[in-house]
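Asks: Below you will find the structure I want to go over with you.
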Amino acid sequence: MNKQPLTGLVRDLNGYAELRLQENRNSSIMLLNGDLVANNKQIKGGISARSFYQGCWGFASYPEADESAINKVIKAAADNAKLLGKRAPGHVQQLIPAGFSGEFDFTSKRPVVSSQHKIEYVRSVDAYIADNYPDLMARRVMLRTEDMEKQLSCTAGSEGYSMIPRSMLYIFLTAENGQGEPVDMFEPVSERGQFEDCFDDPASLYPVIDNLVEHLMKKTEAVSAQAGFKEVVLSGELTGMLAHEAVGHTTEADLVRGGSVAGDLVDQQVASSIVNMVDFAHSMNGELLQVPVHIDDEGVEARDAVLIEQGVLKGFMHNRESAAFYDTELTGNARAFTFSDEPLIRMRNTAVLPGNDNLEDMISSVEDGYYLMKTGNGQADSTSEFMFSVTLGYEIKNGQLGRSIQDTTISGIAFDMLKTVDMLSDDMVWNCSGYCGKKQMMPVSVGGPDMKCKVNMGGQ
Amino acid sequence: MSQDQLINACLDKMKAAGFDRVQLELDESEKHELNQQHSEINLLRTGFNTNLQITGISDSRRASLSLNRLDSESVDQAIADLSDMAEGSPQDDAYDIAPNQPAEEFTLGAEQADAGLMYDRLSAFIEYTKNNHPTTILEEAVIDFTHHKTRIVNSNGVNFTVNQGAYNAYAMFTSKSGGDTSSFNYSGFSSTTLEKELQHEAHLAELLKQSEEQVKTRQIAKKFTGDLVITPHAMDDFIGFLTSNISDGQMIAGTSIYKEAVNTAVTSPLLTLHCQPRSTTLASAYPLTGDGIVAQNTTLVNKGILNSYLLNQFGANKTGLPIALNDGDNMIMDAGETELDDLIAGVEKGILLGRFSGGSPNDKGDFSGVAKNSYYIENGKILYPVSETMVSGNIASVLKEVNAVSRQQVDFGNCAYSWIRSPGLVIS
């Protein structure tokens with residue numbers, strides 16, 4: 049993406065306005081049983097302007113970024129805002145005018161590899177599976193890379209540039225059970241960074257594959273989970289999903305204003321006192337996280353949003369408008385997926401913080417329950433009722449791991465369920481393999497420790 | 295440079311780069327979108343875009359790339375990238391592009407947005423909700439109009455133009471009363487005219503009424519095995535399992551439970567499902583498949599019998615099975631013969647499933663998830679809205695065991711479904 053001189057153009061605008069130049073570059077390579085079924089790239093970029101007038105927003109976007117296109121979107125955005133503002137002014141008339149500037153470029157410093165090299169990499173991973181596990185019914189290996197590059201200027205004085213890449217490799221395996229039925233599992237490997245920084249030697253993935261196959265073989269003999277309210281140990285992967293789905297969405301300020309139950313619970317105990325939850329902007333304990341957002345798409349400095357502290361609900365995630373509505377501090381959560389999207393309140397790196405326990409003690413403390421290790425998808429609700437799928441889990445009987453369980457779903461009311469948390473491991477895992485969906489898609493990362501709690505299990 | 299000049303230049307450059315088969319899709323779009331949040335119409339978006347998708351096959355190696363900057367330098371770079379991508383591709387005789395067909399121009403829907411009508415419809419819907427459902431918060435409501443002009447051209451002589459414009463609208467809402475909050479619910483539809491008030495589309499008026507009721511929910515007393523009444527709004531979660539399992543991914547992998555199911559029963563004989571890309575009533579009609587082949591209407595499932603798979607050109611070449619005549623969407627379910635009231639009256643114990651929030655079913659079709667915006671039924675009566683209620687079962691069995699299909703339907707403008715009833719689900 050070629051940067052443009054946006055500053056002078058945006059300063060000529062009246063009221064709050066922003067100009068954003070953005071390019072998303074994605075690639076996708078997928079092998080299905082060794083056949084290349086996807087070998088695609090997408091480059092999507094352009095300029096957008098957003099203007100605020102009388103409490104209403106106007107937005108316009110164009111796929112080019114020359115002076116004519118920039119002038120065109122500025123005019124269209126301003127006209128759109130005035131059209132709405134004159135007919136029916138909005139409730140929030142003034143936005144908080146904080147500015148922030150900086151450049152945050154996470155482009156790889158290593159030599160760029162070719163598309164051929166990436167395909168060879170995926171074929172090496174696939175060949176390892178085919179050679180070592182020939183009895184599998186099916187295998188899919190998919191590599192996805194994603195660069196999100198943005199330049200922003202706004203009338204609050206912000207000048208920002210960021211390039212945030214991530215790379216994901218997904219391994220899907222299917223085996224046959226004793227009844228000749230397919231049983232499947234998948235493992236995502238995801239990292240901040242471009243391919244060159246994330247995937248070097250395919251052999252580094254072999255232990256991941258071996259571990260996946262070992263669990264898959266156990267799953268071919270899996271039993272149904274017993275439906276009902278159960279004591280469980282969630283792996284860090286599931287705890288991260290819980291942080292995002294169950295608490296994260298209900299504490300996005302636009303959803304709070306839209307009726308989320310969290311709006312009535314600020315400063316109330318919503319979890320056991322060992323639970324702490326934060327939507328981190330870019331770093332945790334000085335370590336850069338997987339989706340590092342330093343400046344958001346409204347030109348606001350991105351700050352950590354503390355959601356739960358010692359079990360008490362402390363606050364929400366905000367954009368300029370919601371912070372003005374609730375008369376509170378900005379958190380820098382406004383993010384747009386593509387150049388043609390307006391910024392929405394989105395999570396960044398949402399996590400439950402670690403505790404003081406270890407996984408072995410947590411499992412041994414369960415008399416009759418489940419250890420739930422992997423998830424596929426999840427959803428949240430305005431009531432804080434959440435659900436997510438469980439694609440790998442084991443029975444726990446008298447403190448010992450038992451049989452593998454078939455795919456199931458867990459659910460609960462987050463602000464009830466979190467009160468049942470009585471143990472958290474002292475370590476945590478992060479992953480950024482998925483997208484969050486909320487009008488637009490958005491890359492996010494989630495993190496958490498192993499968590500012992502009680503949830504509703506689907507099953508027989 | 296005109297569209298035709300750009301396409302011809304691109305075709306020439308790709309042939310010069312060594313591609314023996316080339317397909318191009320050039321799309322120009324214009325979108326107008328009106329957004330309501332928190333009962334205020336507070337965002338108007340205008341978006342222009344172009345997109346050029348280029349697919350090249352060289353010596354049976356394939357790659358595909360899309361870009362939206364169409365200056366000569368960007369296109370040249372894209373073709374160079376495509377060559378690098380294709381060189382890394384293994385050879386596969388299944389790769390192909392659309393065969394030669396007579397050139398044709400298709401025009402569907404409206405050409406321009408009626409911005410005044412969009413505003414009036416949205417503001418009337420906000421007023422309707424305020425006046426009739428004072429405890430309901432319209433979290434989000436959006437109407438957009440998007441017009442596309444798309445050219446599909448390839449080295450086999452394909453030369454199609456598609457002009458298409460349609461409105462899409464959806465609303466998402468939650469109700470609050472005292473300290474109680476309902477689950478959010480939503481519905482949406484496609485239209486070429488916006489001729490009706492929004493509350494009269496996609497069952498929105500009924501869902502808003504239900505949302506107010508759903509602030510007070512109850513958990514079911516204990517786990518039971520009973521009937522599931524699937525509403526049209528939850529239908530895609532069930533029909534989608536069937537369509538995805540007869541499509542490329544599962545069929546090529548050989549993991550589909552329907553892999554030898556053509557001409558056999560895959561659902562109850564009460565179900566008939568049509569795919570209607572050439573519908574004259576659906577706003578989402580489309581004249582060409584994703585491969586660039588003229589689409590045709592088909593009956594996918596006729597009284598329970600599967601008529602065909604949904605394989606695209608690559609999937610068909612790979613499996614040796616027939617190519618599908620459409621992309622498998624624009625699904626119309628034949629209305630049944632049971633009145634909806636009678637369908638519910640026939641439930642001894644069960645759940646009226648308004649929305650399903652669950653994990654993706656596994657390859658066998660086993661599923662479990664939360665019944666959202668749903669009601670408990672006992673002795674033929676809808677008793678109360680439920681919360682924290684899980685439904686577990688197998689989708690293939692659900693479809694096979696359907697024992698009633700309603701006469702009433704909901705038309706979403708891109709599909710139309712009845713209510714269906716199926717027994718034997720675990721409710722916990």
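Chains as they are written, first to last, in the working numbering: chain A, 49 to 508; chain B, 295 to 722. Just so you know, even glycine gets a beta-carbon here, dropped at the ideal spot from N, CA and C.
1. List in chain order: all unbroken beta strand (DSSP E) runs of 3+ residues lying wholly within the segment 462-493 of chain A.
2. Taking Ser-471 of chain B as the reference, which of B:Pro-428, B:Thr-455, B:Arg-339 and B:Ala-496 has the closest Cα?
3. Going by beta-carbon coordinates alone, are Arg-355 of chain B and Gln-385 of chain B separated by less than 7 Å?
4. What first and last residue would you give for the beta strand (DSSP E) that runs through Ile-335 of chain B?
5. Which residues in chain A have a C-beta closer than 7 Å to the C-beta of Leu-492 of chain B? List them in chain order.
6. Please compile the residues from chain B whose C-beta is within a distance smaller than 7 Å of the C-beta of Gly-94 of chain A.
7. With three or more C-beta pairs closer than 8 Å as the rule, is the segment 432-448 of chain B touching the segment 318-337 of chain B?
8. To which residues of the same chain is Asn-362 of chain B closer than 8 Å at the C-beta, ignoring the five residues directly before and after it?
9. Check the C-beta distance from Leu-565 of chain B over to Ser-716 of chain B and give it rounded, since I have them as a contact under 8 Å.
10. Is the beta carbon of Leu-337 of chain A closer than 7 Å to that of Gln-199 of chain A?
11. Measuring CA to CA, which of A:Pro-497, A:Leu-361 and A:Gly-150 is closest to Met-206 of chain A?
12. Mapping the DSSP letters down to three states, classify Glu-229 of chain A as helix, strand or coil.
13. May I ask you to report which of helix, strand or coil DSSP gives Pro-514 of chain A?
14. DSSP has Arg-715 of chain B in a bridge; who is on the other side?
15. Examine chain A for any beta-carbon lying closer than 7 Å to the beta-carbon of Gly-652 of chain B, and answer yes or no.
16. Classify Glu-168 of chain A: buried if its beta carbon has 16 or more other beta carbons within 10 angstroms, exposed otherwise.
17. Report the three-state DSSP secondary structure of Val-295 of chain A (helix, strand or coil).
18. Quick check: the segment 487-496 of chain B against the segment 680-692 of chain B, are there 3 or more CB pairs under 8 Å?
19. Report the rounded CA-to-CA distance for Gly-482 of chain A versus Ala-392 of chain B, giving the unit in angstroms.
20. Give, in chain order, every residue of the segment 310-335 of chain A whose Cβ lies closer than 7 Å to some Cβ of chain B.
21. Going by the beta-carbon positions, is the gap between Asn-620 of chain B and Arg-649 of chain B smaller than 7 Å?
22. Mind pulling the chain B residues with CB within less than 7 Å of Tyr-254 of chain A?
23. So what does DSSP say about Asp-114 of chain A, is it helix, strand or coil?
24. Quick one: give me the first and last residue of the alpha helix (DSSP H) that Gln-371 of chain B is part of.
25. Any contact between the segment 107-118 of chain A and the segment 397-404 of chain A? By contact I mean 3 or more CB pairs, one from each, below 8 Å.
26. Look at the alpha carbon of Arg-572 of chain B and the alpha carbon of Met-471 of chain A, and state the distance between them as a whole number of angstroms.
27. Tell me whether Cys-709 of chain B sits in a helix, a strand or coil according to DSSP, three-state version.
28. Do you know offhand how far Ala-136 of chain A's Cα is from Asn-457 of chain B's?
29. Can you grab the Cα-Cα spacing for the pair Val-304 of chain A / Gly-311 of chain A, in whole Å?
30. Quick one: what's Lys-502 of chain A bridged to in DSSP?
31. Using DSSP's beta-bridge definition, name the partner residues of Ala-136 of chain A.
32. Thr-468 of chain B CB to nearest chain A CB: under 7 Å?
33. Which residues bound the alpha helix (DSSP H) around Tyr-374 of chain A?
34. How about Gly-138 of chain A and Asn-606 of chain B: do their beta carbons lie closer than 7 Å?
35. Check the Cβ of Ser-383 of chain B against every Cβ in chain A and list those closer than 8 Å, keeping chain order.
36. On the criterion of 16 or more Cβ atoms from any shown chain inside 10 Å, does Arg-73 of chain A qualify as buried, or is it exposed?
Replies: For this structure:
1. 477-479, 483-486 and 488-491
2. B:Pro-428
3. yes
4. 334-352
5. Result: empty, since nearest Cβ-Cβ is about 17 Å, beyond 7 Å.
6. Asn-362
7. yes
8. Asn-343, Thr-344, Asn-345 and Leu-346
9. In fact, because the Cβ distance is near 10 Å, the residues do not count as touching under 8 Å.
10. no
11. One point to set straight first is that residue 206 of chain A is Ser, not Met, in the sequence displayed. Among A:Pro-497, A:Leu-361 and A:Gly-150, the Cα nearest to that of Ser-206 of chain A is on A:Gly-150.
12. coil
13. This structure gives no information on residue 514 of chain A, because the portion of chain A shown stretches from 49 to 508.
14. B:Val-523 and B:Ala-698
15. yes
16. exposed
17. helix
18. no
19. 33 Å
20. Asp-312
21. no
22. Residues of chain B passing the Cβ test: none, with the nearest at roughly 22 Å.
23. coil
24. 366-382
25. no
26. 58 Å
27. coil
28. 34 Å
29. 5 Å
30. A:Glu-279
31. Ala-136 of chain A is not bridged to any residue.
32. yes
33. Counting along the chain, Tyr-374 of chain A falls outside any alpha helix (DSSP H), and DSSP gives it neither H nor E.
34. no
35. Leu-84, Asn-87 and Ile-167
36. buried
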